[in-house]
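J.:
Numbering (my numbering), first residue to last: 618 to 1449.
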């Protein structure tokens, strides 16, 4: 192993470990990537942010890809001479730490902060261009104090409230689970079957912002955010236009309202369905059917929403012994409770139109309910085929709507409902309010005190943060059906801030998505102690110019962060309504065609790969493997080949540095190599700005080959064009291989970091090609290649092609039917 000799690596042979030791020490001492807050610094500001990691252990291959991609963006901006904010922190609350504490009979903080330090060292080794002065951890009281402060501001604005609601409940972990934590009906952590349970929980009223969350996406279109992410968010919010329709219920004074997107099909409603787990089902159920309903609800409680809405499950339900009255024709229709209707959708009840909705039709066939076609789509009658016709068509069997098309019929029926006072036009959303209560210890305590006389009382701001008790660990945190905080009696029992009487703290903690909904704002002023952040600094740096992270966060994290930003905008704390101007999603690192898994035995250890090939080779490999959004199969890539390339690039830089001094005028150098160098600059710039980092690496590889050729068989290492090429190699490689780039830059005689402000701009004159190769095809086969001017006209190119002796020989006596000319690169001659 080559030794480190002072500030230089003694050998001219590329030694990854020696370079890592040298430059890690240098970067720790110099901290070159600190963002400037100097008002006199007039460089353009750029905020580049990676989605922050969870400290579940050391960095893994997923981190290797995500942070390599983000670092390309940040380092490019540093190279352009911009004032870049590229911070780091840890999303350090969450259930894994709590489970580890239970297993090890320790406090969750021990596991959490030990893992953070491990990851921090790995980030330093990985050479990511981070501003370490802004480091934060969401489990620090200095951070979660402001979670609580924001909660109270939301509470004051009516955006935080407590309500009874159905939740996903894990019987083993004894906690509420968000929808994304339920995988195929089981808890993602312990794989226990999840059940539905009614609990009094805290919510954020995100539905208040549904329209703005949808409409403001216009700011993110045009390639700023991936189209698929925008579509996923739109579908999650699920805005639809239709009507609220009131159905009178026999024996009930008040009608029951249902929402429908197809009020034109009201004449086809032949039965009425209530969500089995909705309070309305119990209210409408006739006494003699109560036992049947209770038994059915026990079955439904074991199903997730996804399972309930699956079209593949057989339909189940119970008749409630009551009837509704169809408001348009007065028909008496039976009321059923079923699992395929969700309590959270619309008003928890639907009118069933089986002819034109497949789930309704399946239910009708199962229980022998009538089917009436009211839209003629040209297809066979669903009552006979069992296949619902959901398309548009002409209304039939619908009284005053007969003969009308869908849109006109909807308008007409809404008018009729409004005239009769039985309905009106309405907008509905799939989005539901954000359930943020968690029955866990390792999270932000909810800053509410429950007083028997005063009700829900906010903790005064000057008493924040409400810190987690430090005397609970291990068995104290084991699931008990309520939050572990309930066991900390000294912590729970307090005086009411209003009346001074005996009261109790709320024992739930907040969903960790709260932490990640505003952390990017805290980075702008991480030590601010009078508010969550300094608005002036946030409005100077924000919104984030480039956000990088996995597509698995495409819905909830991004949606919640957008929601928080809009509330903060309304509070006058930020000047923008969208937090992330541009979004880049990276794919996953898989192995042998499958996600890495211990059970499959196909895991790849990042530390072992770095030890074997070095950081630069691993980073180069993940960036070169394909476009960022594509998955990388580690079985198909070769870090060994990357290492060989880095050796070649390093030798070019070392030889050029030894042969000529910095500042050598390149204009007298080899013209062919100079053109290759400037084409590389132009193409790398274009590729990086288009997120095609793999293309950028390919162009640098080509330049290394051209420089190597010039050294070995051309003018030699002393040629000024070789030095120019070597410097561009160092500058461009610094985006993906920082160690070899820094060492190469130093060997080229430069002081200071290659990473800061050294980007070169191509000379336009050297980008002009004196000639290009034009392919001439006859009968779709290449018959000749011509060297022509780049600006050759269509007429001249056609003439040159037809004058070619080789082309004339292939045409012979055959008739020319057509000539396609695409100057300057193609002529295609079609012959008979």
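Every residue, glycine too, gets a C-beta built ideally from N, C-alpha and C.
Nearest to residue 837 by alpha carbon, out of 1276, 1250, 1323, 1200?
T.: Numbered from 1 along the chain shown, position 220 holds the residue referred to as residue 837. Nearest C-alpha to residue 837: 1200.
J.: If you reduce the DSSP assignment to three classes, tell me which class residue 953 lands in.
T.: The residue given as residue 953 occupies position 336 in the chain shown. Strand.
J.: Is residue 624 helix, strand or coil by DSSP?
T.: Sequence index remark: in the chain shown, residue 624 carries index 7 (1-based). For residue 624, the predicted structure reports a pLDDT of 43, less than 50, and the residue's modelled location is therefore unreliable. The matter cannot be settled from this model.
J.: Which same chain residues, not among the five before or five after residue 1445, have their C-beta less than 6 angstroms away from its C-beta?
T.: For the purposes of this step, residue 1445 is taken as residue 828 along the chain shown, with counting starting at 1. Only 1394, 1437 meet the Cβ criterion.
J.: In whole angstroms, what separates the C-alpha of residue 1469 from that of residue 832?
T.: Residue 1469 lies beyond the residue range present for the chain, which begins at 618 and ends at 1449; the question has no answer from this structure.
J.: First and last residue of the beta strand (DSSP E) that includes residue 968?
T.: Within the chain shown, the letter at position 351 stands for residue 968. That run of the beta strand (DSSP E) goes 966 to 969.
J.: Under the rule that 16 or more other beta-carbon atoms within 10 Å means buried, what is residue 943, buried or exposed?
T.: Translated into the one-based positions of the chain shown, residue 943 becomes position 326. That one is buried.
J.: Compare the C-beta of residue 1009 against all C-beta atoms of chain C and say whether one is closer than 8 angstroms.
T.: In the displayed structure, chain C is absent; only one protein chain is listed.
J.: In the structure shown, what three-state DSSP assignment does residue 1062 receive?
T.: Stepping through the chain shown from its first residue, residue 1062 is reached at position 445. Of the three classes helix, strand and coil, the one that applies to residue 1062 here is strand, per DSSP.
J.: For residue 1188 and residue 829, which I take to be in contact (beta-carbon distance under 8 angstroms), what is that distance rounded to the nearest angstrom?
T.: Within the chain shown, numbered from 1, the residue matching residue 1188 stands at position 571. Within the chain shown, numbered from 1, the residue matching residue 829 stands at position 212. About 14 angstroms; that fails the 8 angstroms criterion.
J.: My assumption, with CB atoms under 8 angstroms, is that residue 1166 sits in contact with residue 683. Please give the rounded CB distance.
T.: The count along the chain shown starts at 1 and reaches residue 1166 at position 549. The count along the chain shown starts at 1 and reaches residue 683 at position 66. Going by Cβ atoms, the distance from residue 1166 to residue 683 rounds to 7 angstroms, so yes, they are a contact pair.
J.: Looking only at its own chain, which residues have a Cβ that is under 7 angstroms from the Cβ of residue 1417, when we skip the five neighbours before and after it?
T.: For the purposes of this step, residue 1417 is taken as residue 800 along the chain shown, with counting starting at 1. Excluding positions up to five away in sequence, the list reads 1403, 1405.
J.: Using the C-alpha atoms, what's the distance from residue 953 back to residue 968?
T.: For this step, residue 968 is matched to residue 351 along the chain shown. For this step, residue 953 is matched to residue 336 along the chain shown. For residue 968 and residue 953, the distance between alpha carbons rounds to 10 angstroms.
J.: Hey, could you find the ends of the alpha helix (DSSP H) residue 749 is sitting in?
T.: Taking the first residue of the chain shown as position 1, residue 749 is located at position 132. From DSSP, residue 749 is part of no alpha helix (DSSP H) but of the beta strand (DSSP E) over 748 to 754.
J.: Please name the residue or residues paired with residue 814 in a DSSP beta bridge.
T.: As a position in the chain shown, residue 814 is number 197, starting the count at 1. Its beta-bridge partners are 784.
J.: Note down the Cα distance separating residue 1008 from residue 1022, rounded to an integer number of angstroms.
T.: In the chain shown, residue 1008 corresponds to position 391, counting from 1. In the chain shown, residue 1022 corresponds to position 405, counting from 1. If I take the Cα positions, the gap works out to 11 angstroms.
J.: Helix, strand or coil: how does DSSP classify residue 1303 here?
T.: Along the chain shown, read from residue 1 onward, the residue named residue 1303 stands at position 686. If DSSP states are grouped into helix, strand and coil, residue 1303 belongs with the helices.
J.: Under a three-way DSSP split, which group does residue 947 fall into?
T.: By 1-based counting over the chain shown, the position of residue 947 is 330. Three-state result, residue 947: coil.
J.: With the cut-off set at 8 angstroms, would you say residue 1111 and residue 1103 are in Cβ contact?
T.: What you label residue 1111 is simply residue 494 of the chain shown in a count that begins at 1. What you label residue 1103 is simply residue 486 of the chain shown in a count that begins at 1. Cβ distance not < 8 angstroms, so residue 1111 and residue 1103 don't count as in contact.
J.: What is the DSSP secondary structure of residue 1014, reduced to helix, strand or coil?
T.: As a position in the chain shown, residue 1014 is number 397, starting the count at 1. Correct three-state label for residue 1014: coil.
J.: In terms of alpha-carbon separation, which member of 738, 955, 731 lies closest to residue 641?
T.: Indexing the chain shown from 1 puts residue 641 at position 24. The residue with the shortest Cα to Cα distance from residue 641 is 738.
J.: Could you give the distance in angstroms between the alpha-carbon of residue 1064 and the alpha-carbon of residue 955?
T.: On the chain shown, position 447 is the one that residue 1064 refers to. On the chain shown, position 338 is the one that residue 955 refers to. Each residue's Cα considered, the two are about 39 angstroms apart.
J.: Can you check whether the CB of residue 1231 is closer than 8 angstroms to the CB of residue 634?
T.: In the chain shown, the residue the question calls residue 634 occupies position 17. In the chain shown, the residue the question calls residue 1231 occupies position 614. Their beta carbons are under 8 angstroms apart, which means residue 634 touches residue 1231 by this criterion.
J.: What are the start and end residues of the beta strand (DSSP E) that includes residue 1404?
T.: For this step, residue 1404 is matched to residue 787 along the chain shown. Counting along the chain, the beta strand (DSSP E) containing residue 1404 begins and ends at 1398 to 1405.
J.: Exposed or buried, which one is residue 1206 when buried takes at least 16 other CB atoms within 10 Å?
T.: Counting from 1 along the chain shown, the entry for residue 1206 is found at position 589. So residue 1206 counts as buried.
J.: Inspect the CB distances between the segment 1011 to 1029 and the segment 750 to 766 and report whether three or more fall short of 8 angstroms.
T.: At 8 angstroms Cβ cutoff, the stretches do not touch.
J.: For residue 706, tell me which candidate among 1135, 1443, 1227 has the shortest Cα-Cα distance.
T.: As a working mapping, residue 706 is identified with position 89 in the chain shown. Among 1135, 1443, 1227, the Cα nearest to that of residue 706 belongs to 1135.
J.: Using C-beta distances below 8 angstroms, list every residue in its chain close to residue 658, excluding the 5 sequence neighbours before and after it, in chain order.
T.: Residue numbering aside, residue 658 sits at position 41 when the chain shown is read from its first letter. Same-chain partners within the cutoff: 700.
J.: Among 789, 1079, 1164, whose alpha-carbon lies nearest the alpha-carbon of residue 667?
T.: The residue given as residue 667 occupies position 50 in the chain shown. Answer by Cα proximity: 1164.
J.: Keeping to the same chain, check which residues put their C-beta closer than 7 angstroms to that of residue 1287; ignore five residues upstream and five downstream.
T.: Locating residue 1287 in the chain shown gives position 670, where the first residue counts as 1. Closer than 7 angstroms at the Cβ level, and outside the excluded window around residue 1287, lie 1327, 1331, 1332, 1336, 1338.
J.: Could you tell me which residues DSSP pairs with residue 1394 in its beta bridges?
T.: In the chain shown, the residue the question calls residue 1394 occupies position 777. Beta-bridge pairing links residue 1394 to 1399, 1445.
J.: Going residue by residue through the segment 690 to 727, where are the continuous beta strand (DSSP E) segments of at least 3 residues, counting only ones entirely within it?
T.: Counting whole runs of 3 or more residues, the segment 690 to 727 contains the beta strand (DSSP E) stretches 700 to 702, 704 to 707.
J.: By Cβ distance, which residues of its chain are closer than 7 angstroms to residue 809, with the 5 residues on each side in sequence left out?
T.: Here residue 809 refers to the residue found at position 192 when the chain shown is read from its first residue. Excluding sequence neighbours, residue 809 sits near 787, 788, 789, 803.
J.: Could you tell me the distance, in whole angstroms, from the CA atom of residue 1082 to the CA atom of residue 748?
T.: As a working mapping, residue 1082 is identified with position 465 in the chain shown. As a working mapping, residue 748 is identified with position 131 in the chain shown. Their Cα atoms are separated by approximately 27 angstroms.
J.: Less than 8 angstroms separating the beta-carbons of residue 971 and residue 978?
T.: In the chain shown, counting from the first residue as 1, residue 971 sits at position 354. In the chain shown, counting from the first residue as 1, residue 978 sits at position 361. Contact: yes.
J.: Rounded to whole angstroms, how far is the Cβ of residue 1240 from the Cβ of residue 681, which I believe are closer than 8 angstroms?
T.: Position 623 of the chain shown holds residue 1240. Position 64 of the chain shown holds residue 681. Residue 1240 to residue 681, Cβ: 10 angstroms. No contact.
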